[in-house]
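First to last, the sequence lines map onto chains H and A.
The first sequence begins at 1 in my numbering and counts up by one.
The second sequence begins at 167 in my numbering and counts up by one.
Here's the structure we're looking at; comments come further down.
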Amino acid sequence: MFYLITFLVFLYVHDNMMGFSCCNEVQAGMVLKYSCDVLFLYSLLLMECMMCEILYLEKEDQAYQHQFILHAALDVVQDLAWTTNAMSLKSVDRFNELVVSVYVTAGHTRFMLLHDTRTEDGIKSFFQEVHELYIKIFLNPLYLPGSRITSSHFDTKVRALARKYL
Amino acid sequence: MDPLRSYLGRLLLEDITPVVMVLTTPLAEAACRRSGLSFVDMLSPFSLFKKIDVPVRTASDQPYRLQMFKIRMVYASDIHKQDHEVADERIKLVVSEANEKTLPDLLADPPQLEDVVNKPEAELCPLWTKRFNRELIRTLSFSDHETFDHPVACLLVVSSKDKEPISKFADLFNTNQLPSLLNEGIMDPQILKHYLVLHDQQDGPQEIAVNILAEMRSTLGLNDCKLLCINSSAQAHGSDADNSWLPYKAHGLHNHEGACFLNTDDLNEIKDFMQDFASNHIIPYMEQKIRVLNQQVATTRKGFRNQIKNLWWRKRDDVPEAANGPMYTFTSIESQIRVLGDYAFMLRDYELALSNYRLLSTDYKLDKAWKRFAGVQEMSGLCYFMLDQSRKDAEYCMENAFSTYLRIGSSGQRNATRCGLWWAEMLTTRGQHREASSVYFRISNEEPSLHSAVLLEQAACCYLLSSPRMLRKYGFHLILAGNSYYLSDQKQHAVRAYRNALFVYKQNPWSYINNHVHYNVGRWYGVLGIFDVAIKHLLEVVACSHQSLTTQSMFLNDFFHFVQSTGKKFDVYKLQLPVFNMSSLRVVHEDHRTYASNADVDVSESIWQELEEEMIPSSSVVRTNWLDTQPKSSPFKNNKASVCVAGEAVKLNVEVKNPLQISVNVSGISLICQLSTTMDASSAEKGTLSAATEEDIATTKPSILTFKSDENNFTVSSLDIVLGGGETKRIQLEVTPKVIGILKLVGIRWTLSDSVVGYQYFEVSTQKKTKKGKRGAHRSLNNILIVIKALPKLTGYIDCLPTKAFTGDLQLLTLNLRNQSEHAVKNVKMKISHPRFVIPGGSSDLDLEFPQCLRKHVQSDSNVVSSKSTKEKFKGFLFAFPQDIKIQGGATFSWPIWFHAATPGNLSLYLSLYYEMESTTDIPYRTLRTHYNVEVLPSLDVSFAVSMCSSRLQEYIVRMDIMNRTLSESFALHQLSCVGTKWAVSTLPSCDSISLVETIPANQSVSCFFKIKDIGTNSCAEAADGSCGSDMVLSPGGSTDVFHISQSPIADFHYQERYHQGKLAKGPSSLLDFILIAKAVAANSSKSEQLLSHHTCQVALSQNPIWWLMEGPRTITHDFSKSCCEANIQLVIHNSSEHNISLGVVTSDGTLEKNQTIPSHESASGPGGWYDVSLENDVKAITSMKGTHPQKQSSESISPFVWCSLSSAQVDLKPNSSAKIPLKVCIFAPGTYNFSNYELHWKVHPSEAGQVDDNGRSGVGQGYPFYVTVLQGAR
């Protein structure tokens, strides 16, 4: 069973004296991925953009709690993402019974899944298929990178995948 | 970092110190009380020696020096395990004490990222949490499995007033009063005893005490007895006493109230006593004990033999596992090792301590005394830490201890907490903040909510300290802490925790988090009674659209509750409920342009301008005119400002959206306006110029008090609406200025559910206007209006203009105008965008009865349409009302309007009315703009096909196809008319019963045939009797029902139709227009008669200028035995053009291909020849006559007839004249023949009168079929 999936993208914003210059998140992600030893990672301000959020359990009284857990797990992902070449980071954080699994794409979009069972393989293949779906969304020329994914088709597809793998 | 200098190091140095048990007599205690202190309180400031500098030698031979030392003075009655509830109460006190300090903090702004980052590390976590931690650890004092809390020495105090002090000492150390630890045999009762006589100087001279001391020394021992004199100061509050206490105040002497009789000498005496006690008694005693115990341990446990023995002994003695393991008395070797370890720890010989702890841990493990094992592990962990050796080992030991404590259940829970606290401190000291925070988090789970809250807060701080900073974790743990605080009823702390986390969640897209945080902060502030801040936070969540209905209503209810609690109407700048869509804002003001309805305002200005182009005087001229008349022209030059008229409402359209699913009640939506009267020009100037700066003030310091509605100058409308869940409404607000001046629309205010007043200012960016150019200027809000003097104003509408009509629908409507002012208007003009649909009638039409007025019974001669007058009005119909029409003030005025739905589709009809003022005013004219949308549905499709009639001159056959395109309506055909006097339409002679097809039901189509005749040239007799006029009645009603098509309005509409349709079909051919009038068959008779006129214009006719016709006998009887038959036929040729035409007839024999263009010669001398026709041929000819005429011709090589005696090849024809050309044909055999193989070649000679286009100059016409049957006559 899973509780919440979010798709996050980070826009890297350089906090220099000139003001804010926002760069394309894909480019920024690539630059950082390959030359992170050159750039000072923590001198960058991170701006989160939540692109999609799929609630599976419609318990609203817990929705905020789930968000809190995922949000806090971002801190862990932030460090972990640079230590490995794998996109799937497995379970990065946990809070009581709830486990957070994360998948980071090359463009540094983070798929975060909050769940309580530990079927690693299922989660991994789930993430891979969701990644494909996400790429399809991304290929859409009308989709502005970093903006919210409003496609209902995407939503139903992800839910179907969740039923299949989780 | 030196572990001794770290916080944990100092903590251990202060907390794990020798305990001195204090036993006092009541009288001694009373002497101390005189100064407001207990005995322990009095001594404790002096129990910390910062520079004691004593040499210590423990097990090893090498002595070392001890710099800092502390002893703990505790009453014997306090040496017992603490009651949980009492301990928790004490801890709660610590937390609530801090509570009061946070209150002023809560009123300040919540901390920002920069504040937190720039804070020094020590201040990140509130200081009182350290105190809390110590209190938490202290709850475990004097536990039986640890010995560092066991008293090392005993201080017996007797007052000099006591009788028989020596026996008192014996009484004091009575076993009944001693703590249970000593009684139960857990610790050795043989401890160091020290005897003290306390002498109060105010009770008498010192001699008594000295005597007692001497007596004591003789009985109890020379060194162990001391005398202490206190209260030497004669009067309370000695000035020197205050100063001397100062350095010790920090050590817990806060309860220093009332009289204090201690002076500097007393203090020095106490200090000396303590120094002596520590360095000369306690430390040597401990040294000695360590050495003794070490020796003992070495003999029993050290060495290979002892270890084997120990193992064997333990295995055999298989004790059953108890909850606390086996009971160890002070005589057991395990207890002794533990005492040895703890004493070594206290004297900072950590190596010795560690080796003993390690030794002990295996024993306890084997004995399954888990609690003791954990305690030993804990201590060895601390030893590792203090030695700063193996971090790994230290952590391993702490983790081991922690998990062991957790494993043994509830009895070890608090121990686990203590162990966790030490562990976390240890990790913090080493900079492992992340691990520390996870330890804090783990122990927080084991504690009640209040403790866990404090622990979680510390965990959060650790996340903040970790590198990199884990802000999100920090926020999350603060929220958890806040939640726990709230559960344990510490609201202020809860608010503080949430508030500190606010910056983490600022401007992030996690909506549920934001809502939760703001809602709870707001709610708790509200509970604390700080309503303004509460409302500020609740405002953030009021407009949450993503939450469920119940959550939304909960948010809203709490919000309103707090707002009502404030007891006043709350003004909120930029209240998010409901949402005013500022981009949809539109100001509608009427200067010279007035609008009939609100919908008209939305029509693009360019459409109006295009429409009014010809009607209104050119704008520049107007502007100079009224500028010149204006004495104060300065404000008007400012082209930013628009003009509105006093007494007329300025409207403002804006969209309002309710983001919630709950319906909200919004009342009193009104505009905030300012009107500065321009009594002096300078102030007005200032008003407009300072607009921008005022705006800034308004947005930065929002206060609506300055914008109170000024009833004298203007009135604003107030609107109450109820917005359903998720509803969006477009509302219109009005302000009516009453005096001349400059009106500024500042913002909107509204009241939400009668309790919250929201207001919002319009944001006008002047820079945008200048930068973005035309488009920007168009979109930007024009909120400064110049109010000018009242003007007359017309309002008007077209009465019952249908919104839906069938194509061809013809109606008579009225235009109603009303002048609402007192002054008259004149020179009224009107312009219509689609004259094809709407035409103004004449003044006489108003009283007419429709549709009878169109009927022909009024025989007016003026049936010729004055087409010239309307010729230039295709594009926009400019209609000037008669000059004498003046609409007086308050009067109404009506004018007829004809409506004709010309083509199907959606139509936007624009009407603009121009009028001038009777009196001279600021604006000389105004326009009234109206706009209607009409949907025209398809009804009848009418098409005509005209072909020349071959049998008659100047006659055509017309096929009319009518298709009913409606779904349900039926139409009755009424009348078909040809436009113009030149044509007459009549039924075909064969079928007079056309009137049978009187109605066409839905989706049916009908074709009818008619004959039309050109009656323009030769006024034949038929024209006179009227049976074949230009109109033909199709309905059975008779000729009296005929509509007059050449009269207005049908003629006018027809003219328009002709123009529009003519655009499509343009050709040189002579054209014919038809008007079909139909009536809708009403299902019920109550409906008034509906008339439809369909105009089909410019139906192409044959373009030949000449007509020709064969005339001759159709049947000839001839005896072919005698001669060949000669048939005399004649060709009648008519020139219908206006020019002279010369033409020639070319006949051809035999096979003449249709497209053969070579003119053959005269066929008079054609070879011809005899031709024998058998009867069979004859039959064949007749049978195949029907359609195989060309085949027949081609099959035969020689024509059976020849043309002969062509009299003249060339004929000249005058305009509108006829000529007859006789022709003769020789036929050689009986049969039926088609004499069509001739051609007419003509050439037009243009006369001076007109021009003929090139295509019509010359032409060739094929002959018409003309069948002649020749029979064999009787001989």
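A virtual CB, placed ideally from N, CA and C, is assigned to each residue, including glycine.
Keep in mind that this is a model prediction, so the values were computed, not measured.
Cβ-Cβ distances below 7 Å link residue 348 (chain A) to 355 in the same chain, with the five nearest sequence neighbours on each side left out; the list follows chain order.
Here residue 1227 (chain A) carries a helix assignment [DSSP, helix/strand/coil].
The stretch 513–524 of chain A and the stretch 242–251 of chain A do not touch, with fewer than three beta-carbon pairs separated by less than 8 Å.
Contact with chain A is found for residue 79 (chain H), since one of that chain's Cβ atoms lies less than 9 Å from the residue's Cβ. With fewer than three CB-CB distances shorter than 8 Å, the stretch 1061–1069 of chain A does not count as touching the stretch 764–781 of chain A. Scanning the stretch 713–780 of chain A for uninterrupted alpha helix (DSSP H) segments of 4 residues or longer gives 715–732, 764–767, 771–778, listed from N- to C-terminal end.
Residue 585 (chain A) sits in a helix when the DSSP states are folded into three classes.
Taking a cut-off of 8 Å on C-beta distances, the stretch 1081–1099 of chain A does not touch the stretch 1239–1249 of chain A, as fewer than three cross pairs fall below it. If you check the CB distance, residue 212 (chain A) and residue 368 (chain A) do not come in under 9 Å.
Against chain H, a Cβ distance below 8 Å from residue 642 (chain A) picks out 68, 69, 71, 72. Against residue 64 (chain H), the close residues of chain A are 678, 679, 681, 682, in the order they occur along the chain (beta-carbon pairs closer than 8 Å). Between the alpha carbons of residue 1377 (chain A) and residue 1431 (chain A) lies a gap of roughly 22 Å.
Across the stretch 137–155 of chain H, CB contacts with chain A closer than 9 Å involve 148, in sequence order along the chain. Membership of residue 360 (chain A) in the beta strand (DSSP E) is indicated by the continuous run 358–366. Contact check for residue 888 (chain A) and residue 949 (chain A): beta-carbon distance about 28 Å, past the 8 Å limit, so the pair fails to qualify. Remark: C-beta atoms of residue 166 (chain H) and residue 115 (chain H) approach each other more closely than 9 Å.
At least 9 Å separates the CB of residue 652 (chain A) from every CB of chain H.
In this structure residue 197 (chain A) is buried. Its beta-carbon is surrounded by 16 or more other beta-carbon atoms within 10 angstroms. Residue 135 (chain H) sits in a helix when the DSSP states are folded into three classes. Judged by DSSP in its simplified three-state form, residue 971 (chain A) adopts strand. The DSSP-derived three-state label of residue 467 (chain A) is coil. The alpha-carbon of residue 828 (chain A) is positioned some 7 Å away from that of residue 890 (chain A). In this structure, the straight-line span from the alpha carbon of residue 1088 (chain A) to that of residue 817 (chain A) is close to 21 Å.
Beta-bridge partners of residue 1150 (chain A) (DSSP): A:1179.
Here residue 610 (chain A) is not near residue 627 (chain A), since their CB atoms are 9 Å or more apart. The Cβ atoms of residue 1101 (chain A) and residue 1071 (chain A) lie closer than 9 Å to each other. In this structure, residue 1136 (chain A) lies away from residue 1099 (chain A), with their beta-carbon atoms at least 9 Å apart. In the pairwise beta carbon analysis, the stretch 301–308 of chain A is classified as not touching the stretch 152–162 of chain H: fewer than three pairs are separated by under 8 Å. Taking C-beta separations shorter than 6 Å and ignoring five residues to either side along the sequence, the partners of residue 637 (chain A) in its chain run 670, following chain order. The C-beta separation of residue 823 (chain A) from residue 747 (chain A) comes to about 6 Å, placing the pair in contact by the 8 Å criterion. No Cβ-Cβ contact shorter than 9 Å links residue 101 (chain H) with residue 87 (chain H). Cβ contact annotation for residue 445 (chain A) (same chain, cutoff 7 Å, sequence separation greater than five): 218, 220, in chain order. When the five nearest sequence neighbours on each side are left out, the beta carbons in the same chain lying within less than 7 Å of the beta carbon of residue 509 (chain A) are those of 452, 455, 456, in order along the chain. Under the DSSP assignment, residue 205 (chain A) falls in the alpha helix (DSSP H) whose first and last residues are 205–209.
At a cut-off of 9 Å between beta carbons, residue 290 (chain A) makes no contact with chain H.
Counting along the chain, residue 893 (chain A) sits inside no alpha helix (DSSP H), nor does DSSP assign it H or E at all.
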